[in-house]
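So the structure is just underneath, and the comments pick up after that.
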Amino acid sequence: LLHEYWMTLRNRVSAVDELAMATERLRVRHPKEPKPNPPVHHIIEPHEVEQNRIKLVNDKAVATSQLQKKLGQLLYLTNLEKWAVLTCGHCFCNECTSIIIEQYSVGSHRSSIKCAICRQTTSHKDVSYVFTSEKANQEDDIPVKVKYANSHKW
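Residue 28 in our numbering sits at position 4 of the sequence shown, with consecutive numbering throughout.
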């Protein structure tokens, strides 16, 4: 609990700091303005303008790339709650999986399906359905007994 509180506090302070930095304007020191002592990071010299411009353009490109990656992850995770995973690792939406099971089951008892991508056979009981609700996870919890050998041999 203390660790969670610490991480939440750290994230909050970082967000406030990031917001303060984002709203601070970068400016060129005026010719008659004295050089600040100690130096202030948002007041730059005229010869530093181009260097800072290039850095900011590169920062924007990196941030845009990271945003696209995060948006892709968000889309994946949002859609994950509607998917089934076969033993080969390929995923299909639940609706498509039920159609495959109903219409394209194979084997002696029609108890398996073939992956539409790689054609690997998966038993109906081995199809993994993704549940994202807390309630679904609690209902499926099965106590596991662990047996181990008390040996010191490696």
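All C-beta atoms in this analysis are idealised placements derived from N, C-alpha and C, irrespective of residue type, glycine included. In this text, all values refer to a predicted model and were calculated from it rather than measured experimentally.
Here's the rule I'm using: 16 or more other beta-carbon atoms within 10 Å means buried, otherwise exposed. How should residue i be labelled?
i	result
A140	exposed
I7	Here the chain comprises residues numbered 25 to 178, so residue 7 is not present and cannot be evaluated.
T121	buried
K177	Note that K177 has pLDDT 41, beneath the 50 cutoff, so the model's placement of it is unreliable and the number below is only indicative. Per the 10 Å Cβ criterion, exposed.
In chain order, what residues of the same chain lie with their CB nearer than 6 Å to the CB of residue i, ignoring the 5 residues before and after it?
i	result
T111	T146 and D150
F116	A108
Please list, in chain order, all residues of the same chain as residue i whose beta carbon is under 7 Å from its beta carbon, the five residues on each side excluded.
i	result
R49	H66
P60	I67
Excluding five sequence neighbours on each side, which residues of the same chain lie with their C-beta closer than 8 Å to the C-beta of residue i?
i	result
I68	L50, R51, V52, R53 and N76
N118	K106, W107, A108 and Y153
R34	none
V73	V52
A44	none
V168	Caution is warranted here: a pLDDT of 44 is assigned to V168, below 50, making its placement in the model unreliable, and no coordinate value can be reported.
Check each candidate in the options and name the one with the smallest Cα separation from residue i.
i	options	result
G131	C142, H148 and N35	H148
P55	P63, P70, T47 and L43	P70
D83	S129, N35, A46 and I125	A46
K144	H114, T88 and E126	The amino acid occupying residue 144 in the given sequence is Gln; Lys does not appear at that position. Checking every option, the nearest Cα to that of Q144 belongs to H114.
Query raised in the report: Is the stretch 92-101 touching the stretch 119-137, taking contact as three or more C-beta pairs under 8 Å?
Result: Using a C-beta cut-off of 8 Å, the stretch 92-101 makes no contact with the stretch 119-137, since fewer than three inter-stretch Cβ pairs fall below that distance.
Query - In chain order, each alpha helix (DSSP H) run of at least 4 residues that lies wholly inside the stretch 44-115 - result: Taken in chain order, the unbroken stretches of alpha helix (DSSP H) that lie wholly in the stretch 44-115 and span 4 residues or more are 73-104.
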